[in-house]
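Please read the structure below before turning to the comments.
Number of protein chains: 2
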Amino acid sequence: MRVKDKQYRTIWMDKTIIRLINQMLLPHKFEIVDVKKLQELKLAINNMTIRGAGAIGAAGAFGIAQAAMLSNDKDFFDNLTDAATQLRKTRPTAQNLFTGIDFVLNALKKESKVSLARETAVRRANLYADMDASACKKIGEFGAGLIKDNAKVSTHCNAGWLAFVDWGSALSPVYYAVKEQNKNLFVYVDETRPRCQGANLTAWELVNENIPHLIIADNVTGALMYQKKIDIVFVGADRIARNGDIANKIGTYSSAVVAHDNNIPFYVAAPVSTIDANCPSGDNIPIEERDENEILYVQGKDDAGAISRVRISPEGSHALNIGFDVTPAKYITGIITEMGIYPASYDGVTQILSKVKKV
Amino acid sequence: MRVKDKQYRTIWMDKTIIRLINQMLLPHKFEIVDVKKLQELKLAINNMTIRGAGAIGAAGAFGIAQAAMLSNDKDFFDNLTDAATQLRKTRPTAQNLFTGIDFVLNALKKESKVSLARETAVRRANLYADMDASACKKIGEFGAGLIKDNAKVSTHCNAGWLAFVDWGSALSPVYYAVKEQNKNLFVYVDETRPRCQGANLTAWELVNENIPHLIIADNVTGALMYQKKIDIVFVGADRIARNGDIANKIGTYSSAVVAHDNNIPFYVAAPVSTIDANCPSGDNIPIEERDENEILYVQGKDDAGAISRVRISPEGSHALNIGFDVTPAKYITGIITEMGIYPASYDGVTQILSKVKKV
Numbered sequence: 007m008r009v010k011d012k013q014y015r016t017i018w019m020d021k022t023i024i025r026l027i028n029q030m031l032l033p034h035k036f037e038i039v040d041v042k043k044l045q046e047l048k049l050a051i052n053n054m055t056i057r058g059a060g061a062i063g064a065a066g067a068f069g070i071a072q073a074a075m076l077s078n079d080k081d082f083f084d085n086l087t088d089a090a091t092q093l094r095k096t097r098p099t100a101q102n103l104f105t106g107i108d109f110v111l112n113a114l115k116k117e118s119k120v121s122l123a124r125e126t127a128v129r130r131a132n133l134y135a136d137m138d139a140s141a142c143k144k145i146g147e148f149g150a151g152l153i154k155d156n157a158k159v160s161t162h163c164n165a166g167w168l169a170f171v172d173w174g175s176a177l178s179p180v181y182y183a184v185k186e187q188n189k190n191l192f193v194y195v196d197e198t199r200p201r202c203q204g205a206n207l208t209a210w211e212l213v214n215e216n217i218p219h220l221i222i223a224d225n226v227t228g229a230l231m232y233q234k235k236i237d238i239v240f241v242g243a244d245r246i247a248r249n250g251d252i253a254n255k256i257g258t259y260s261s262a263v264v265a266h267d268n269n270i271p272f273y274v275a276a277p278v279s280t281i282d283a284n285c286p287s288g289d290n291i292p293i294e295e296r297d298e299n300e301i302l303y304v305q306g307k308d309d310a311g312a313i314s315r316v317r318i319s320p321e322g323s324h325a326l327n328i329g330f331d332v333t334p335a336k337y338i339t340g341i342i343t344e345m346g347i348y349p350a351s352y353d354g355v356t357q358i359l360s361k362v363k364k365v
Numbered sequence: 007m008r009v010k011d012k013q014y015r016t017i018w019m020d021k022t023i024i025r026l027i028n029q030m031l032l033p034h035k036f037e038i039v040d041v042k043k044l045q046e047l048k049l050a051i052n053n054m055t056i057r058g059a060g061a062i063g064a065a066g067a068f069g070i071a072q073a074a075m076l077s078n079d080k081d082f083f084d085n086l087t088d089a090a091t092q093l094r095k096t097r098p099t100a101q102n103l104f105t106g107i108d109f110v111l112n113a114l115k116k117e118s119k120v121s122l123a124r125e126t127a128v129r130r131a132n133l134y135a136d137m138d139a140s141a142c143k144k145i146g147e148f149g150a151g152l153i154k155d156n157a158k159v160s161t162h163c164n165a166g167w168l169a170f171v172d173w174g175s176a177l178s179p180v181y182y183a184v185k186e187q188n189k190n191l192f193v194y195v196d197e198t199r200p201r202c203q204g205a206n207l208t209a210w211e212l213v214n215e216n217i218p219h220l221i222i223a224d225n226v227t228g229a230l231m232y233q234k235k236i237d238i239v240f241v242g243a244d245r246i247a248r249n250g251d252i253a254n255k256i257g258t259y260s261s262a263v264v265a266h267d268n269n270i271p272f273y274v275a276a277p278v279s280t281i282d283a284n285c286p287s288g289d290n291i292p293i294e295e296r297d298e299n300e301i302l303y304v305q306g307k308d309d310a311g312a313i314s315r316v317r318i319s320p321e322g323s324h325a326l327n328i329g330f331d332v333t334p335a336k337y338i339t340g341i342i343t344e345m346g347i348y349p350a351s352y353d354g355v356t357q358i359l360s361k362v363k364k365v
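This is how it looks when you write it as structure tokens:
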């Protein structure tokens, strides 16, 4: 990823400190946060200082590694189990969080010596982050093959590099097509209320990558599909069920239904770490409900340059803030993973899982 | 309509002054604006101090009446034609604006004496406003028959009393069912970015009318339909074409497609003044594009209580701000007018028009 012409990752570890890009302040202020302990990491995940399926997966992995480095020898394994339990509770929907935690934790089970377990934890967390970045690049390579030169792409929320360690999922095909294949692309960025990850984050990524785009209200996507102004849709996923149903940022479902009605290809891009092999269908995916104030207020930069919020609703009204929705497999043209592009179906997911090598 | 337990209309005339509720400041501040001349009225319509199909229709009618009262005798008819031309340019999509202007203007053609024409203009403008209010109440009566007790209703944007002279279109069945039939209803209010007429205006109306509701992000409507949490949808219309296609606030189309996919009844409520008999289909309806800053910024009340705005997008990004979309007739369960409920089709619109008596 390129931020003001410097290369970054969304999250990384430096000795015992987890460093991450503060996504609460973007696009108005670029800041790296130092996370020094579990309590801070839990808050950062929960309040979305770091967010995005892959990024919180890596946060989970680094969280276990940090707990391993900071724990005393005596209660080492109990402390790690406890850290994992606490991290798992921060957000319920994205499978990658659990995958990341388990990727580190399960590797420690065979270590009897604490000092070796500490090394393993750090090595595994870094490996998880590297694998996330390389899986996302591979998604870009496969997905770019679907995009014609001069295509108009629709995406939802932010599934770019900020949502992963690097490259992103839904935006990775766009980046790959532009950077590696010199295609000219145009992206419609829907703002993605309530947290506006589209207007705040996706648009900011595209500014940094110098890719032409326009921000639209979430309400506009369907009309553009009807007007045939969108050629292809790429969205991410927070969890992929065994039957090919997916959970993703609220609004994905409507976009999929309208795309389907207009015969516009609708692809879900996500690394294998997003698949929950134990989840039979979308109906079984836990859906996060968040604080109503995310709806009742909007955060942004005021005219004096400070980050502040305004209330956009009457006193006396309350809000329902559902974070994700389920898109049934039948609306999904294909699932793009680092293993290739497969149908959104039980068989398709079986094929993806059969390609995965245990690391 | 009830504002803090006092009865109001959205717009009315008091001698030569047009008085209207300032919809730019709601829900944070309730204020009546005095419009003293054409220039002010044009601005008020354009910047949405007054908005909503029926309300700007009445504004058009009162605008001609005001011009008649303020014009000298010599250039009277030229001045009125000029006022009409200027008012017609303020907003392009809502048919009611043109209907309201013509309702007054056409009645003056038979008047040869300016003094009589002045009286006629004022009488016709007041008649137009009264007819709008009574048509809307009648829409409520017809529409309320479609709503079961304890129903969960979805609406979009604001098509309540603020959008008309009184009662509203899409919300009128809700008000009628609650006030006149003692039904218990629940309303999901989508915020309706970019101008947030749902969160700002519809929610405020429902607070004043004491009707249970929750505000949701526009992205949530589809998910609630999929979860069968919405029993019926009522939306308004800014223009109804001859074949039953309609234009309404951007986002209506997606809501209609997803409702259709989930077998949820989707009704368009609008007075006959919204029908454009000369417009063959939705493809022929002019669609307003508004300033990109409505997307790049959000207006609300800051923590100090002042109405201000925050930027929610990066410097360097631009936005596309389409105000309306077209919903093809095939997604519409029925059109509710003051003449009754008819199919959204060429035949349905023909039946509606055949019932209309010339006033």
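Each protein sequence line maps, in turn, to chains A and B.
So the number in the working numbering is just where the residue sits in the first sequence, counting from 1, plus 6.
So the number in the working numbering is just where the residue sits in the second sequence, counting from 1, plus 6.
Cβ atoms here follow ideal geometry from the backbone N, Cα and C, with glycine treated the same way.
Distance between residue j and residue i (C-alpha atoms, nearest Å)
i, j, result
"Pro200 (chain B)", "Gln72 (chain A)", "43 Å"
"Asp366 (chain B)", "Arg317 (chain B)", "The structure shown has nothing for residue 366 (chain B), since chain B only spans 7 to 365."
"Phe170 (chain B)", "Lys143 (chain B)", "11 Å"
"His324 (chain B)", "Val365 (chain B)", "47 Å"
"Thr22 (chain B)", "Asn327 (chain B)", "35 Å"
"Ile293 (chain A)", "Ala100 (chain A)", "9 Å"
"Asp81 (chain A)", "Asp20 (chain A)", "24 Å"
"Leu205 (chain B)", "Ala127 (chain B)", "Residue identity differs from the one stated: residue 205 (chain B) is Ala in this sequence, not Leu. One C-alpha to the other measures close to 36 Å."
"Asp84 (chain A)", "Ala90 (chain A)", "10 Å"
"Gly257 (chain A)", "Ala229 (chain B)", "7 Å"
"Asp196 (chain B)", "Ser261 (chain B)", "11 Å"
"Ile238 (chain B)", "Ile145 (chain A)", "41 Å"
"Thr333 (chain B)", "Ala335 (chain A)", "26 Å"
"Tyr194 (chain B)", "Tyr352 (chain A)", "35 Å"
Residue of the options minimising C-alpha distance to residue i
i, options, result
"Ala283 (chain B)", "B:Gly306, B:Phe109, B:Gly250 and B:Arg25", "B:Gly250"
"Ala61 (chain B)", "B:Asn216, B:Asn188, B:Trp18 and B:Phe148", "B:Trp18"
"Leu157 (chain B)", "B:Ile145, B:Leu133 and B:Ala183", "A small correction: the amino acid at residue 157 (chain B) is Ala; Leu does not occupy that position in the sequence shown. Ranking B:Ile145, B:Leu133 and B:Ala183 by Cα distance to Ala157 (chain B) puts B:Ala183 first."
"Thr343 (chain A)", "A:Ala127, A:Val362, A:Thr333 and A:Ala335", "A:Val362"
"Asp14 (chain A)", "A:Asp84, A:His34, A:Trp167 and A:Asp88", "Checking the sequence, you will find Tyr at residue 14 (chain A) rather than Asp. Taking only the C-alpha atoms, the option nearest Tyr14 (chain A) is A:Trp167."
"Met7 (chain A)", "A:Leu207, A:Val120 and A:Leu302", "A:Leu207"
"Ser77 (chain A)", "A:Glu125, A:Arg94, A:Trp173 and A:Asp108", "A:Glu125"
"Pro286 (chain B)", "B:Arg245, B:Ala265 and B:Glu300", "B:Arg245"
"Val278 (chain B)", "B:Ala141, B:Tyr194 and B:Thr96", "B:Ala141"
"His162 (chain B)", "B:Asn188, B:Thr91, B:Ile236 and B:Ala123", "B:Ile236"
"Val110 (chain B)", "B:Ile313, B:Ala65, B:Asn269 and B:Val41", "B:Ala65"
"Gly322 (chain A)", "B:Ala150, B:Glu46 and B:Glu211", "B:Glu211"
"Pro320 (chain B)", "A:Gly311, A:Pro320 and A:Ser319", "A:Gly311"
"Glu295 (chain A)", "A:Leu32, A:Asp79, A:Arg97 and A:Lys35", "A:Arg97"
"Thr339 (chain A)", "A:Pro218, A:Pro271, A:Lys307 and A:Tyr181", "A:Pro271"
"Met54 (chain B)", "B:Met345, B:Asp297 and B:Gly354", "B:Asp297"
"Ile107 (chain A)", "A:Tyr273, A:Ile38 and A:Lys95", "A:Lys95"
Backbone secondary structure at residue i - three-state DSSP
i, result
"Phe148 (chain A)", "helix"
"Met19 (chain B)", "strand"
"Thr126 (chain B)", "helix"
"Val316 (chain A)", "strand"
"Glu46 (chain B)", "helix"
"Val171 (chain A)", "coil"
"Asp308 (chain A)", "strand"
"Val184 (chain B)", "helix"
"Ala176 (chain B)", "coil"
"Ile256 (chain B)", "coil"
"Ala205 (chain B)", "helix"
"Glu37 (chain B)", "coil"
"Leu111 (chain A)", "helix"
"Gln357 (chain A)", "helix"
"Ala157 (chain A)", "coil"
"Gly322 (chain B)", "coil"
Minimum Cβ-Cβ distance from residue i to chain D less than 9 Å
i, result
"Gln305 (chain A)", "Going by chain labels, chain D is absent from the structure shown, which instead holds the protein chains A and B."
Supposed close pair residue i, residue j - CB separation, criterion 8 Å
i, j, result
"Gly69 (chain B)", "Leu44 (chain B)", "6 Å"
"Phe330 (chain B)", "Asn254 (chain B)", "6 Å"
"Pro179 (chain B)", "Ala275 (chain B)", "7 Å"
Residue i: CB within 8 Å of a non-hydrogen atom of the ligand HEM
i, result
"Asp309 (chain B)", "With respect to small molecules bound, the structure shown includes none, and the ligand HEM cannot be examined in it."
Quiz item: Would you call the region 122-137 of chain A and the region 25-39 of chain A touching, i.e. three or more CB-CB distances under 8 Å?
Solution: Under the three-pair Cβ rule at 8 Å, the region 122-137 of chain A does not count as touching the region 25-39 of chain A.
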